[in-house]
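Here's the structure, in structure tokens; my notes come after.
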Amino acid sequence: MSILSELKKRFAAALVPLTDEPGDFLDLIRQSQDPRFGDYQANFAMPLGKKLGRAPRDVAAEVVGRLDLAGLGEPAEVAGPGFINVRLENALIAGRLRAAAADSRLGVPPVESPRTYVIDYSAPNVAKPMHVGHIRSTVIGDALTRTLRFLGHRVTSDNHIGDWGTQFGMILFGYRHFLNEAAYRDAPVAELARLYRLVRRLMDYHEGKARLPKLRQRLAQQTAALADARARTALEQLDKKAKKERQRAEAEVENLRGEIDVLEAQLAAIDDDPEMSRLAAACPDVGQAVLAETARLHAGDDENTRLWREFLPHCRDEIDRVYGRLGVAFDHTLGESFYHDRLAPVVDGLLARGIARESDGAICVFLPGRDVPMIVRKQDGAFLYATTDLATIEYRMEHFRPDAILYVVDHRQAMHFDQLFATARLLGYGDVELAHVSFGTVLGADGRPFRTRSGDTVGLEGLLDEAVRRAAAIVEANDDAKPDGPELSADQRRRVAQRVGIAALKYADLAQNRESDYVFSYDKMLAMNGNTATYLQYAYARVRSIFARGGVDIEALRAAGAEILLDAPAERALGLAILQFGEALELAAADYRPNHLTAYLFDLAGRYSTFFEQCPVLKAETDAIRQSRLLLCDLTARVIHKGLEVLGIEVVEKM
Ligand code: ARG
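Under our numbering, think of the first position of the sequence shown as 643, with each following residue one higher.
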């Protein structure tokens, strides 16, 4: 049991006479941020005092009087308005560290009651190249999968790929009209991607052509409104409302101008390209045609089905190559197509049970407290994303019997999941936890969604390549600068660069509060100092180098199980942090936030640095201290290793 859980148990016993519901109060026992206030601090006396109508200090004193910390901590102290500070006994820390050193789980016991999780993540729409937007779901989902598994839960990972959507209509259309057979034979994935992009451009062109006059009209209106507002502000300098209106109009005009500029440039790119403009002129109805191809596929048309079956393995190869590079694997890849035959029965079931009803020819679920209904079948009979997701819940409940289903999907789908979960409740799935593990957008340096200079989304593979290329430069410079000359072969350098580059990319994502947007920066993610994978990998390699330098036999060291000595404050601080690994994992698992774990590892590495500056290891005063410090080094390395591993990040022995 973690120290925190043990403390909560002791506090719970001391709280018995004061409350029947100690849960919320026990949640206010936390690690102290400042060692002057002990190692743990209980802050519940304030709310509890309020509830009991008593002075918090009194309540705290009463609890402390009853609190039995034998074998765990020194007698607790009351501070300030009623904080309870607990300082652990050195003997407890030392004893637990010895146990952790002998434990392959580093003293983190598996959870007492394992849950069954289904985690839905990555889920790209295949047949289009993967882009920067896919990194977050893939990386966060993988880290959660590994973390929950390590804690002892049962986890099924399921990649709900989009393999049934309009993008196949686009490829089918492209295949019929623009296929380069030789290219398709040689490199099918590349040719399919070319067809996708080509059809996308043609569709965008015609959509853009239709949109441009409307935008220009809006611009004219807003420009007039702005002129009006300007005139009025000049006359009524002090009118706040008029000023606001003027600012709004200014912003709107600027936005519209920007949008029109971008659109005009895109249209010109086609118009100025003789080949493209010929194609665009030849298929004015490309949008309709693509929808028709998609509809034929869904209706089971032989030829479209045959082609879809032919395309799909190529699409899968493409994403699997990216997953291979990222070191990500799934138990299942049950894409949208897998549920096709279940969609009609889902809608029938919803109708039969009165959960859905017809409205304007569409079948809708009207949910209390929500303005917009969830549409499960369109007027034209087509099913929707939501219908598939309902069928998916049904299937997962039948086959995996989960206690929880996590959807690692970007925040823009919040409304979809809100409606989906509410409908699932109506269908009788009351007990399962349904969670939208939502995340923000990856931004460019300009604070807008990350795009290439030409305005396209950034391809995921290119991102990986660039991260590895930059990592290689860092690894080389670092190796060249070693006092005794470089120690890595060209091949080792390459492999280290791979690991460092991919790790940097993943970690930069995991270290964010997932709900925030973050600015993508190669320089920041590869920094040797700061909360980066590079820093932690470097810290790991440095710890490991001690063993090589000292000619230490690590197996023998672990087997000897020496006493842990914690006389120096830096030793104690490091030792305690090592023991808090489990608490960081629990925190990360509790609300599905890997950044608790990155923050913990960063802190651990910092404490190790302090320890290393203040406490000689190989040259320790006595052999007993040397052994103890070596064990602390080894434990630090093992926790960093394991901690990164459950984040899906590999270490390197040398860099
Ligand atoms: N393919 C979807 C998209 O790209 C994400 C799917 C997420 N999972 C789910 N069960 N809806 O937006």
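Virtual Cβ for every residue (Gly too), placed ideally from N, Cα, C.
The structure displayed is predicted, hence computed values, not measured ones.
key: Tyr-1250 and Leu-1216 closer than 8 Å at C-beta   = Yes. Within cutoff.
message = Could you give the first and the last residue of the continuous alpha helix (DSSP H) run that contains Glu-1287?
response = Per DSSP, Glu-1287 belongs to the alpha helix (DSSP H) from 1265 to 1288.
Which of helix, strand or coil DSSP assigns to Met-1167 = The answer is helix: DSSP assigns Met-1167 an H, G or I state.
ask   = Would DSSP call Gln-675 helix, strand or coil?
value = Collapsing the DSSP output to three states places Gln-675 in coil.
request  = Report yes if the CB atom of Trp-806 is closer than 8 Å to the CB atom of Glu-917, and no otherwise.
outcome  = Cβ atoms of Trp-806 and Glu-917: not closer than 8 Å.
task = Would you decide whether Met-643 is buried or exposed? Buried here means 16 or more other CB atoms lie within 10 Å of its CB.
result = Result: exposed.
query = For ligand 1, is there a heavy atom less than 7 Å away from the beta-carbon of Val-1084?
reply = Val-1084: no, Cβ never under 7 Å from ligand 1.
query = Using a Cβ-Cβ cut-off of 7 Å (strictly less than) and excluding sequence neighbours within five positions of Gln-1256, which residues of its own chain qualify?
reply = Excluding sequence neighbours, Gln-1256 sits near Ala-1210 and Ala-1212.
key: Assigned exposure category for Phe-1008 - 16 Cβ within 10 Å defines buried   = It counts as exposed.
request  = Using a threshold of 8 Å, state whether the C-beta atoms of Val-1074 and Met-1039 are closer than that.
outcome  = It is a contact, given that the beta carbons lie within the stated cut-off.
6 Å Cβ shell around Phe-667 - same chain, five flanking residues per side excluded = If we look at Phe-667 and ignore the five residues flanking it on each side, its Cβ neighbours are Phe-686 and Leu-690.
ask   = When you compare only the Cα positions, how much space is there between Asn-946 and Val-932?
value = C-alpha separation (whole angstroms): 12 Å.
Any beta strand (DSSP E) of 3 or more consecutive residues that is wholly inside the region 975 to 1057 = If we require 3 residues or more, the beta strand (DSSP E) runs fully inside the region 975 to 1057 come out as 999 to 1001, 1004 to 1007, 1016 to 1019 and 1046 to 1052.
message = Please report the straight-line C-alpha distance between Phe-1189 and Leu-1199, rounded to a whole angstrom.
response = Between Phe-1189 and Leu-1199, the C-alpha separation is close to 10 Å.
Those residues, in chain order, that have a beta-carbon closer than 7 Å to some heavy atom of ligand 1 = Matched residues: Asp-762, Ala-765, Pro-766, Asn-767, His-802, Ile-803, Gly-804, Tyr-1027, Asp-1031, Thr-1034, Tyr-1049, Val-1051 and Gln-1055.
key: CB of Val-1050 within 8 Å of CB of Tyr-763, strictly   = Going by C-beta atoms, Val-1050 is nearer than 8 Å to Tyr-763.
query = Are the CB atoms of Ala-785 and Leu-1152 nearer to each other than 8 Å?
reply = Cβ atoms of Ala-785 and Leu-1152: closer than 8 Å.
task = Could you tell me the distance, in whole angstroms, from the CA atom of Arg-1135 to the CA atom of Gly-1290?
result = Spanning the two alpha carbons is a distance of roughly 21 Å.
key: Contact belief for Leu-1239 with Thr-789 at Cβ below 8 Å, rounded distance in angstroms   = With a beta-carbon spacing of about 7 Å, Leu-1239 and Thr-789 fall inside the 8 Å limit used to define contacts.
Cβ-Cβ distance between Phe-972 and Asn-1171 below 8 Å = Not a contact, by the Cβ cut-off of 8 Å.
request  = Return yes when the Cβ of Leu-844 is within less than 8 Å of the Cβ of Val-895, no when it is not.
outcome  = Against a cut-off of 8 Å, the Cβ pair of Leu-844 and Val-895 comes out as no contact.
ask   = According to the neighbour-count rule (16 or more other Cβ atoms, all chains shown, within 10 Å of its Cβ), is Pro-926 buried or exposed?
value = So Pro-926 ends up on the exposed side.
message = If the criterion is Cβ atoms closer than 8 Å, does the pair Gln-1061 and Ala-1033 meet it?
response = No. Outside cutoff.
key: Range covered by the alpha helix (DSSP H) that runs through Leu-739   = Leu-739: member of the alpha helix (DSSP H) spanning 732 to 743, first to last residue.
task = Let me know the secondary structure DSSP gives Ala-971 once reduced to three states.
result = The answer is coil: DSSP assigns Ala-971 none of H, G, I, E or B.
ask   = When DSSP labels each residue in this structure, what does Gly-1172 get in the three-state scheme?
value = Here DSSP, grouped into helix, strand and coil, assigns Gly-1172 to coil.
query = With which residues is Arg-796 paired in a DSSP beta bridge?
reply = Per DSSP, Thr-758.
query = Can you name, in chain order, every residue of its own chain whose Cβ lies under 6 Å from the Cβ of Gln-1269, other than the five neighbours on each side?
reply = Setting aside the 5 residues that flank it on each side, Gln-1269 is surrounded in the same chain by Ala-1204, each with a C-beta closer than 6 Å to its C-beta; the list follows chain order.
inquiry  = Just verifying my parser: in three-state terms, what is the DSSP assignment at Ile-1206?
reply    = Coil at Ile-1206, not helix or strand.
ask   = For the putative contact between Leu-905 and Leu-857, defined by C-beta atoms under 8 Å, what is the C-beta separation to the nearest angstrom?
value = Contact flag correct, Cβ pair sits at about 7 Å.
key: Alpha carbon of Lys-676 to alpha carbon of Asn-732, nearest angstrom   = The residue you asked about is not Lys; residue 676 is Asp in the sequence shown. C-alpha of Asp-676 to C-alpha of Asn-732: approximately 17 Å in a straight line.
ask   = Using a C-beta cutoff of 8 Å, does Leu-1239 count as contacting chain D?
value = Reference to chain D is not applicable here, since this structure consists of a single protein chain.
key: Limits of the beta strand (DSSP E) - the one that His-1078 falls within   = Start and end: 1075 to 1081.
task = Kindly give me the distance between the Cβ atoms of Leu-739 and Leu-649, rounded to whole angstroms, as I take these residues to be in contact under 8 Å.
result = With 8 Å as the limit, Leu-739 and Leu-649 do not qualify as a contact, their Cβ atoms being about 17 Å apart.
request  = Provide the residue span of the alpha helix (DSSP H) that contains Val-928, from first to last.
outcome  = First-last of the alpha helix (DSSP H) with Val-928: 928 to 940.
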